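First up is the structure itself, then whatever we jot down about it.
In the UniProt record's numbering, the protein residues as written are 1 to 108.
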């Protein structure tokens with residue numbers, strides 16, 4: 001979709017808004033072309049409405065003939081490594097075990 005973004009804060013807000021939507025697999029924000037690409041299993045109307053309501057930015061559909069990256073019909077993503085980085089807000093806590101006190105644990 002075409003989204004009017006003026007600064008890096010707008011770019012980050014657009015990316016985070018789309019990543020939080022259920023069913024979104026991949027989000028790419030190109031500030032130079034004012035383009036946000038969303039891949040996944042979501043309703044296009046809901047994506048457009050969410051972008052407009054949450055960010056307050058003007059958003060419209062990117063014309064289909066100019067959209068280069070599309071999800072394959074069979075549902076397989078050719079770049080499978082992008083699935084692991086779709087949501088960058090997931091952090092895993094690491095726990096350590098102490099031999100001196102087996103009932104205590106420390107979270108790092």
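Glycine residues also receive a C-beta, built at the ideal position from the N, C-alpha and C atoms. Nothing here was measured: the structure is a model prediction, and the numbers come from that model.
Three-state class that DSSP yields for residue i in the structure shown
i, result
"residue 43", "coil"
"residue 30", "strand"
"residue 2", "strand"
"residue 50", "helix"
"residue 58", "coil"
"residue 20", "coil"
Of the residues the options, the one placed nearest residue i, counting alpha carbons only
i, options, result
"residue 7", "37, 47, 30 and 49", "30"
"residue 27", "55, 38 and 14", "38"
"residue 22", "13, 42 and 14", "42"
"residue 40", "55, 62 and 20", "20"
"residue 62", "44, 55 and 56", "44"
Same chain only: Cβ atoms within 8 Å of residue i, ignoring 5 sequence neighbours per side
i, result
"residue 34", "2, 3, 4 and 5"
"residue 11", "5, 29 and 31"
Residues near residue i in its chain [Cβ-Cβ closer than 6 Å; skip 5 each side]
i, result
"residue 60", "2"
"residue 58", "4"
CB contact flag (residue i, residue j, <8 Å)
i, j, result
"residue 25", "residue 18", "no"
"residue 14", "residue 36", "yes"
Own chain, CB closer than 7 Å to residue i, minus 5 neighbours either side, in chain order
i, result
"residue 55", "13, 14 and 17"
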